[in-house]
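Data block below; observations after.
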Amino acid sequence: MDPLYLIALGAIVAGFVQGLSGFAFGMVAMSFWAWGLEPRVAAVLTVFGSLTGQLIAVFSVRRGGSWGLLWPFVLGGLAGIPLGVWVLPYLDMLWFKAVFGTLLVVWCPLMLLAPRLPRLRGGRLADGAVGMVGGVLGGIGGFTGTVPTLWCTLRGFERDTQRAVIQNFNLSMLAVTMLTYLGSGLVTVSLLPMFAVVALAMLLPTLLGTRVYLGISEAAFRRIVLSLLTLSGIAMLVVAVPGLLVRGYSPL
Numbered sequence: 000m001d002p003l004y005l006i007a008l009g010a011i012v013a014g015f016v017q018g019l020s021g022f023a024f025g026m027v028a029m030s031f032w033a034w035g036l037e038p039r040v041a042a043v044l045t046v047f048g049s050l051t052g053q054l055i056a057v058f059s060v061r062r063g064g065s066w067g068l069l070w071p072f073v074l075g076g077l078a079g080i081p082l083g084v085w086v087l088p089y090l091d092m093l094w095f096k097a098v099f100g101t102l103l104v105v106w107c108p109l110m111l112l113a114p115r116l117p118r119l120r121g122g123r124l125a126d127g128a129v130g131m132v133g134g135v136l137g138g139i140g141g142f143t144g145t146v147p148t149l150w151c152t153l154r155g156f157e158r159d160t161q162r163a164v165i166q167n168f169n170l171s172m173l174a175v176t177m178l179t180y181l182g183s184g185l186v187t188v189s190l191l192p193m194f195a196v197v198a199l200a201m202l203l204p205t206l207l208g209t210r211v212y213l214g215i216s217e218a219a220f221r222r223i224v225l226s227l228l229t230l231s232g233i234a235m236l237v238v239a240v241p242g243l244l245v246r247g248y249s250p251l
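Heads up: the sequence shown at position 200 corresponds to 199 in numbering that gives the first Met the number 0, and the numbers run straight through without jumps.
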């Protein structure tokens, strides 16, 4: 498939999911882009698309938030972003698919089981640690909301409270990550046409997702999305693990 078509397809699906749920652009987009794009390019596009989607959502689905609840996540995330950006240039494609596939296979079923899991207690220190993990994943590829979303779900936050925390956390982390990418030279002129494709492809699906969010149960759709992402993670592991095993047995 032509890379631009692959980019557009991933942006369309991911834009709708982010508009609906307030997170998961990176998870959905990467399930498409990891197959045909170099990891650093995919990471930059994911951060750009995630940030664009969050900006659209801010104006389409307004959710207030408590700074007292949000600031530990933000401070932890700011500490984690540089580490993620530092790791990014050293990523190997097979390891990237293996780690990302494992993340999908572990995280998505946990989210499906979350309503039946016991509620966890946490404080500002725990929230900050979770925010730091989100920052590291954001620096690697824009996955800022993955771990914080699971954490908020396990904490038993109400739907609108969780969306407010994740939406505001993602917006701040993605903005800082994008500025870091710009400062580190990861954003080049050659990526500008890809940025245009992502922005145009995701605009209407994201707006549609925000409208659907206001009208139907998020839980049912989330179950479908997480199930599909779990299958995508399994597919990535099927490709990556044999390659890593072969490489392990190859002569030096």
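Beta carbons are placed, not taken as given, at the ideal position from N, Cα and C, and that holds for glycine.
Everything numeric in this text was worked out from a predicted model, so none of it was measured.
Take the Cβ of Val245 as the centre, count every other Cβ of all protein chains shown within 10 Å, and call the residue buried at 16 or more, exposed below.
-> exposed
According to the Cβ coordinates, are Phe24 and Gly208 closer than 8 Å?
-> No.
Measure how close the beta-carbons of Leu225 and Cys151 come, nearest whole angstrom, since I'm counting them as under 8 Å.
-> With a Cβ gap of about 15 Å, Leu225 and Cys151 do not count as contacting.
Can at least three beta-carbon pairs, one atom from the region 24-42 and one from the region 210-220, be found at a separation below 8 Å?
-> no
How big is the Cα-Cα spacing for Trp94 and Leu181?
-> Cα to Cα, the separation comes out at about 25 Å.
So is Val188 buried or exposed if we call it buried at 16+ other beta carbons inside 10 Å?
-> exposed
For Val133, which residues from the same chain have a beta carbon less than 6 Å from its beta carbon, with the 5 sequence-adjacent residues on both sides left out?
-> For clarity, residue 133 is Gly in the given sequence; the question names Val instead. Excluding sequence neighbours, Gly133 sits near Gly76, Thr143, Val146, Pro147.
Per-residue DSSP class, three states only, for Ile11 | helix
CB contact flag (Gly130, Phe72, <8 Å) | yes
CB contact flag (Leu136, Val40, <8 Å) | no
First through last residue of the alpha helix (DSSP H) which encompasses Pro88 = Pro88: not part of any alpha helix (DSSP H); DSSP gives it neither H nor E.
Backbone secondary structure at Arg118 - three-state DSSP = DSSP, read as helix, strand or coil, puts Arg118 in coil.
Which of the three DSSP states, helix, strand or coil, is assigned to Phe47?
-> helix
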